Amino acid sequence: MKKTLTVCAALLAAPLALPARAGVPEALKEHILPGYAGFAQATETLAGAAQADCTAPALRGAWMHAFDLWNAVADIHIGPSETGALPVAFWPDSRGFTPKTLTKLISGEEEIGHDPLGYGDVSIAARGLYPLEFMLYDPQFSDYEKGSYACTLVQTMTRDLARQAATLDAGWEEQFADVLRTAGQEGNATYMGEDEAVRAIYTQILTGLEFTADTRLGRPLGTFERPRPTRAEAWRSGRSLRNVLQDSKGAYDMAAALADWDLPQSKAALDRLYELAERVEDPSFQKVEDPGERLHVEILQQQVRALSDALEQEIGVRLGIQPGFNSGDGD
Numbered sequence: 002m003k004k005t006l007t008v009c010a011a012l013l014a015a016p017l018a019l020p021a022r023a024g025v026p027e028a029l030k031e032h033i034l035p036g037y038a039g040f041a042q043a044t045e046t047l048a049g050a051a052q053a054d055c056t057a058p059a060l061r062g063a064w065m066h067a068f069d070l071w072n073a074v075a076d077i078h079i080g081p082s083e084t085g086a087l088p089v090a091f092w093p094d095s096r097g098f099t100p101k102t103l104t105k106l107i108s109g110e111e112e113i114g115h116d117p118l119g120y121g122d123v124s125i126a127a128r129g130l131y132p133l134e135f136m137l138y139d140p141q142f143s144d145y146e147k148g149s150y151a152c153t154l155v156q157t158m159t160r161d162l163a164r165q166a167a168t169l170d171a172g173w174e175e176q177f178a179d180v181l182r183t184a185g186q187e188g189n190a191t192y193m194g195e196d197e198a199v200r201a202i203y204t205q206i207l208t209g210l211e212f213t214a215d216t217r218l219g220r221p222l223g224t225f226e227r228p229r230p231t232r233a234e235a236w237r238s239g240r241s242l243r244n245v246l247q248d249s250k251g252a253y254d255m256a257a258a259l260a261d262w263d264l265p266q267s268k269a270a271l272d273r274l275y276e277l278a279e280r281v282e283d284p285s286f287q288k289v290e291d292p293g294e295r296l297h298v299e300i301l302q303q304q305v306r307a308l309s310d311a312l313e314q315e316i317g318v319r320l321g322i323q324p325g326f327n328s329g330d331g332d
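So for the sequence shown, my numbering puts the first residue at 2; every next one is plus one.
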C-alpha cells in the first residue's frame, strides 16, 4: 500500500501538460463502462446458474467467466470502485480470514447465509469472488450437495455478488462517469481540470501494473530461499497466471483507449508478456520452488514492469509526466 501511495503521490504532484489529446470519454466508453456492465451481466448469470444447480462442478464455468470480466476493471480504485471493489475482490487475505469465516458460517448454519439482502453485512472475507473460489475449488468446502446449508450459502453469495456488481455498474454509468467527463467544468469539485481526470485514469493504469508485478507475482515468488506458492492469487482454481495476463491486458486496453495515438512499444511489451507466459508450466504458480520455473515467473514479473515502462514512455511523456517514478523510492 505504501508503494502504491508513493506512486500516486508522485503522479498527482507532477505537472501535466496536454500536448496530445487524451481521451477520458473514450476510456470510459471503450473500456471502463463496458467492463463494469459486462461484469454485472456475468455475475447475474452466475447467480441464476446457482439457483438452478448450486453444486461446485456446475458453477465453475460461470464463476470463471465472471472473474474474466472482472479482470478488465479489477485494478480501478476511484469513484464507486474506491470502496466498492474491495468486497468484490478481497485479496490478499494475509491472515486467512476467508476460510475461517466460511467455516464459521457453515458449521453454525448461520441464518445470514439464507438472506441475500442481509448478506451485505457479512465480513468481506466471505463476500465476492475469492470466497466463492473456496466453495467451488477447495476440497475442504466444495463437496457439498444440493439442499445442504453450503448449497444455500453459495446461492446467497452469488446473489450478493451480482448485487455488488450491479451497484458498481450503476455507480459508474449514472454518476461517476459524468464526474470524469465534466472535469474542469463549473460545479465539479472532484476534478478541477481535464488534466486531473486524465491523471486519475493514468494513475490507475500504472498502479495496477505495479500491483500485478509486486503482489500477484511477488507474493508467490517470495524469496529464493523461501518461495510462497500458496500465496498466489486464485491458485486453487489455477487462475494465477490467467489473472496476471488479463489484468495486464486490462491496463493496456484502458491505456489504449485513453491515448489518442498508437502505442507500438506498449503493444509489443504486452505481446511479449503473453509469449513469455507460455513458458510457465504451472498456471497456479505452485512450482515456483523449482529454480527453472521460478526463473520463468521472475521473467514474467520483469515483463510486466517493462509494459509499465513502455506506457510511461508512450503516454506519460507525451502528456508531460516525466517517467521514472519508482514506487520503491521514498518512505
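The beta-carbon is built from N, C-alpha and C at its ideal position, and this holds for glycine as well.
Owing to the predicted nature of the structure, the values given are computational and were not obtained by experimental measurement.
Item                                                                                            : Value
DSSP-derived helix/strand/coil call for Ala11                                                   : Caution is warranted here: a pLDDT of 43 is assigned to Ala11, below 50, making its placement in the model unreliable, and no coordinate value can be reported.
Where Ala233 falls, given that 16 or more other Cβ within 10 Å makes a residue buried           : buried
Helix, strand or coil at Ala233 according to DSSP, with G and I counted as helix                : coil
Secondary structure, alpha helix (DSSP H): runs of 4+ residues fully inside the segment 106-169 : 130-138
Val74 versus Gly109: straight-line alpha-carbon distance, rounded                               : 35 Å
Three CB pairs or more closer than 8 Å across the segment 130-140 and the segment 94-108        : yes
Ala86: first and last residue of the uninterrupted alpha helix (DSSP H) it sits in              : Where Ala86 is concerned, there is no enclosing alpha helix (DSSP H), given that its DSSP letter is neither H nor E.
C-beta contact flag for Val305 and Ala214 at 8 Å                                                : yes
Contact under 8 Å by Cβ, Leu271 with Lys288                                                     : no
Three-state secondary structure assigned by DSSP to His297                                      : helix
Lys101, DSSP secondary structure in three states                                                : helix
Minimum C-alpha distance to Pro93 - residue among Asp116, Leu320, Arg229 and Glu195             : Arg229
Alpha-carbon spacing of Thr183 relative to Trp173, whole angstroms                              : 14 Å
Under the three-state DSSP convention, the category Thr183 falls into                           : coil
Helix, strand or coil at Glu175 [DSSP, three-state]                                             : helix
Run of the alpha helix (DSSP H) containing His66, from where it starts to where it stops        : Ala57 to Asn72
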